[in-house]
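One structure is given here, and the rest of the page talks about it.
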Amino acid sequence: MGANPSPARRRRTTVAVRGAVGLLAFLAVGEVVGRSGLVAPELLPPSSVVLARLAEIVGDPAFRADVVATVLAWVISLGLALAIALPAGLLLGSVPGVRIATRALVEFLRPIPSVALIPLAVVLIGQGPGSKIALAVYAAVWPIMFNTIYAVADVDPVLRETAAAFRVGRGRFVARVLLPAVAPFVLTGVRLAAAIALILLVSTELLVGGARGIGEFITQAGSGGGRMDLVLAATVVAGLVGLGANALCTAVQRRWLSWSDVP
Amino acid sequence: MSTRLRRAAARWSVLVVVVVAWEVAAKAVPSPFFPPPSAIAAAGWRAWFSGPWLLTDEARTDVLPSLARLLGGWALAACAGVALGLAIGRSRRTSDYVAPLLAFGRAVPPPVLAPVFLILFAVGTPMQLATIVVGVVWPVLLNTADGARDVDPVKIDVAVVHRVAGLRRLREVILPAAAPRILAGLRVSLSLALILMVVSELVASTDGLGHRLVVAQRSFDFTAMWAAIVLLGVLGYALNAALLGVERRVLVWTR
Amino acid sequence: MAPMLEVRDLVVDYGDGTRVLDGLSLAVARDEVVCLLGPSGCGKSTLLRAVAGLRPPDGGTVLVRGRPVDGVPDGLAVVFQDYGRSLMPWSTVARNVAFGLPRDLDRPTRAARVREALGSVGLADVADRRPGQLSGGMAQRVAIARALACRPTLMLMDEPFASVDAQTRADLEDLLLRVRREYGTTVLLVTHDIDESVYLGDRVLVLSPRPAAVVDDLTVDLPSPRDQITTREDDGFVRLRTRAAERLRYPDGAPETPRA
């Protein structure tokens with residue numbers, strides 16, 4: 000074999016090449032369909048036009064401000080949700096009676112699609128960024144709290160007994176045993192929360208004027224001018240933002256939680 | 000069975016306590032934004048269930064279109080997701096080619112699809128259906144692909160040795176092996192479909208529960224708004240419970 | 000008449016270039032039970048996969064009834080080691096046994112074949128249960144019944160009794176000896192257990208560590224029918240198992256240290 004690259008390395012190259020081919024093929028199909036006249040170009044612009052528009056809006060400070068507004072609101076709402084849900088989950092999860100009651104409540108609240116609260120929140124809180132953040136926090140709290148409660152109830156009793164045997168104090172127990180033990184579940188909760196929070200943020204931006212964000216940009220480009228090219232370009236940016244968040248979560252998991260087998 | 004009954008009783012009693020507490024609080028400190036549950040229930044009953052054969056005309060324009068879009072979109076996404084997922088999961092080559100596209104498709108926040116399809120189809124059911132289908136296909140597709148990829152190779156060997164191939168191998172080996180993952184994906188998709196049904200109707204619609212919410216908001220009728228929210232919650236709960244029931248029957252062998 | 004199975008100079012590589020089998024040859028006559036005895040990881044299972052047509056060889060040939068193997072040969076059945084993985088947990092026992100039956104059989108014939116196979120492994124009364132509701136020994140009997148239902152002329156068994164407890168194992172060994180007489184099946188059985196190979200086999204082929212080569216071919220001439228108690232006490236049995244153990248331990252020839 001000698002000079003040949005290792006099979007693992009060869010496999011990585013194959014994956015990269017095939018992935019690129021797939022992506023290019025998709026863009027080519029988009030280009031051909033867009034230029035074929037089967038669909039009006041205003042309705043489905045060719046890929047090259049969308050990519051050109053993408054380059055344009057990425058260079059546009061107003062659009063960049065929209066993206067920052069959405070991402071910032073996302074980070075703030077996830078931070079707030081974590082700050083509320085983690086302590087609440089740890090507390091509620093430690094008391095069996097309260098745990099059962101909270102789980103029941105969550106089970107009844109969870110089926111209510113949180114986006115249905117948008118019209119109410121807008122009237123209650125107003126059209127600024129406040130309502131979208133409030134809605135995103137509301138939606139993001141549940142998955143984190145639910146997972147934390149579940150994880151606390153699930154902490155290996157051997158760990159508790161070990162800590163007790165070594166006379167570990169309350170504070171040290173939380174810091175050294177409880178938090179690391181629940182961390183992988185909390186991260187899973189944060190992942191779910193991130194997805195639902197983004198859904199709430201973008202939906203609110205789509206529906207309510209006056210709050211800057213990617214959703215607002217898309218609404219204006221869409222219902223305002225019927226500019227499909229701009230809408231698609233902004234959609235691509237929204238997808239890239241989502242990809243970035245996924246990559247971040249995966250990196251956190253690899254870096255700090257690689258010992259856990261929680262997916 | 001008795002533990003299950005006891006747990007259900009505990010669950011429902013929590014709900015009753017919360018509803019009663021809300022009722023008392025709303026009566027004690029009246030607020031137009033938070034009407035008492037009794038008023039919400041009465042408004043909902045009057046609006047949708049007081050017709051000659053239970054359902055009123057309003058139910059026919061609010062509830063039925065929403066339900067049809069939700070279930071239709073979810074069913075279409077389920078079929079497409081399972082079919083594509085099987086193709087991708089059973090062929091490493093196919094999976095290699097589409098991996099970046101899948102990663103991107105899954106990462107797009109689904110509500111932005113509503114304006115895209117609004118331009119493509121204008122206001123109407125095709126727009127809502129397309130938003131739901133494209134938005135909720137991912138969990139089914141990715142879960143099915145994972146499930147189909149991870150079928151125990153020994154079971155595939157058994158199928159090869161016994162000359163069980165093609166559709167029969169799919170039906171008797173790969174689909175059942177992937178079924179737990181597929182059903183998990185279907186459950187995620189169902190709750191997402193409910194969300195997208197509401198979003199797409201809020202964005203642009205002339206009927207459906209989302210449209211009802213918009214109308215109630217414009218006329219500052221908060222009781223009607225809460226009634227729609229509660230009905231959506233009941234729908235979500237009922238659909239999820241039904242799917243869990245199906246899951247229990249299909250996956251008997253996992254217990 | 001061509002032997003039931005003939006393997007000539009078989010070469011198999013793993014994907015990473017490791018050679019698992021390097022020129023292995025062996026033959027199995029009709030109606031014989033041949034045990035392949037070898038250390039863990041020597042390539043026994045790879046050999047079985049090549050014979051079953053599950054893995055094309057990288058060199059050499061496999062002939063079943065004189066015909067080169069290209070895909071799964073006719074009249075072949077395989078019993079895999081791990082019943083937990085080889086049975087379909089979602090199907091009933093009866094459906095598992097029917098899994099390998101030819102498509103063109105009509106319903107009553109299929110049902111009869113399933114009943115017969117389950118009967119010969121003593122499981123007629125659990126046809127409607129699922130594998131998950133059975134003990135390990137029962138589940139492995141289902142796997143054997145699935146193989147028997149196809150009326151195989153050649154049955155390959157990959158460590159078939161390695162995942163069950165000792166008592167069950169003895170029962171299953173006797174079951175195998177009985178059913179292979181009833182069905183007139185040629186058996187090639189892979190094992191790493193010396194006693195088992197001598198107890199079951201008409202011949203024992205001792206394999207060297209990877210890449211496996213046949214280092215000894217022991218003919219087992221023990222009185223028939225064999226019995227878990229008396230056969231294992233037989234002088235011939237003890238002599239053979241000692242010989243097999245030596246060859247397994249010192250594949251390149253025993254050092255000159257005769258035991259007392």
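Chains as they are written, first to last, in numbering that gives the first Met the number 0: chain A, 0 to 262; chain B, 0 to 254; chain C, 0 to 259. Yeah, the Cβ is synthetic: ideal placement off N, Cα and C, and Gly gets one too.
Taking residue 220 of chain A as the centre and dropping the five residues before and after it, the same chain places the C-beta of 226, 229, 230, 233 closer than 7 Å to its C-beta, in chain order. Sequence-distant partners of residue 216 of chain C (beyond 5 residues in either direction) whose C-beta falls short of 7 Å from its own C-beta, in its chain, are 202, 204. In this structure, DSSP gives residue 187 of chain C an extended state, which the three-state scheme calls strand. In the DSSP secondary-structure assignment, residue 52 of chain B is bridged to B/54. Between the beta-carbon of residue 96 of chain B and that of residue 11 of chain A there is about 15 Å, and that puts the pair past the 8 Å contact cut. For residue 26 of chain B, the number of other beta carbons within 10 angstroms of its own is below 16, and it is reported as exposed. Within 9 Å of the CB of residue 168 of chain A, no CB atom of chain B is found; the nearest one sits about 34 Å away. With fewer than 16 neighbouring CB atoms inside 10 Å of its own CB, residue 161 of chain A falls in the exposed class. Of the residues B/160, B/73, B/182, the one whose Cα lies closest to the Cα of residue 132 of chain B is B/73.
In terms of beta-carbon proximity, residue 74 of chain C stays away from the interface with chain B, with every pair separated by 8 Å or more.
In chain order, 71 make up the part of chain C whose C-beta sits under 7 Å from the C-beta of residue 162 of chain B. Contact between the segment 30-39 of chain C and the segment 172-188 of chain C is established, with three or more Cβ pairs separated by less than 8 Å. DSSP, reduced to helix, strand and coil, places residue 154 of chain C within a strand of the structure shown. Note that the C-beta distance between residue 78 of chain C and residue 128 of chain C is not below 8 Å. Taken through DSSP and simplified to helix, strand or coil, residue 43 of chain A comes out as coil. Around the beta carbon of residue 137 of chain C, 16 or more other beta carbons lie within 10 angstroms, which makes this residue buried.
Contact annotation, residue 120 of chain C with residue 144 of chain C: C-beta distance approximately 5 Å; criterion of less than 8 Å satisfied.
DSSP lists no beta-bridge partner residue for residue 50 of chain C. 8 Å or more divides the Cβ of residue 158 of chain B from the Cβ of residue 170 of chain B. DSSP places residue 148 of chain C in the uninterrupted alpha helix (DSSP H) bounded by 135-148.
Between residue 122 of chain B and residue 203 of chain B, the CB-CB gap stays under 8 Å. Burial is judged here by how many other beta carbons sit within 10 angstroms of a residue's own beta carbon; residue 126 of chain B has at least 16 and is buried. Within chain C, the residues whose beta carbon sits less than 8 Å from that of residue 151 of chain B are 84, listed in sequence order.
Per DSSP, the continuous beta strand (DSSP E) segment holding residue 5 of chain C begins and ends at 4-12.
Using a Cβ-Cβ distance cut-off of 8 Å, the segment 49-56 of chain A and the segment 146-162 of chain A are not in contact, since fewer than three pairs of beta carbons, one from each stretch, lie closer than that value.
Non-local C-beta neighbours of residue 230 of chain C in its own chain, meaning closer than 7 Å and more than five positions away in sequence, comprise 198, 221, 236, ordered along the chain. Shown here is that no member of the segment 79-98 of chain B has a Cβ falling below 9 Å from a Cβ of chain C. In the three-state scheme derived from DSSP, where H, G and I count as helix and E and B as strand, residue 154 of chain A is classed as coil. Here residue 63 of chain C has 4, 72 as same chain residues with Cβ atoms under 6 Å from its own Cβ, once five neighbours each way along the sequence are excluded. Take the alpha-carbon of residue 146 of chain A and the one of residue 99 of chain A: they are about 14 Å apart. The C-alpha of residue 210 of chain C lies about 30 Å from the C-alpha of residue 162 of chain B.
When DSSP assignments are scanned along the segment 161-249 of chain C, the uninterrupted stretches of alpha helix (DSSP H) that are 4 or more residues long and fall wholly within it turn out to be 165-182, 193-199, 229-232, 234-248.
Judged by pairs of C-beta atoms under 8 Å, the segment 125-135 of chain A does not touch the segment 158-178 of chain A, as fewer than three such pairs exist. Sequence-distant Cβ neighbours of residue 168 of chain C in its own chain, meaning closer than 6 Å and more than five residues away, are 160. Between the segment 4-11 of chain B and the segment 84-96 of chain A there are fewer than three C-beta pairs closer than 8 Å, too few to call the two in contact.
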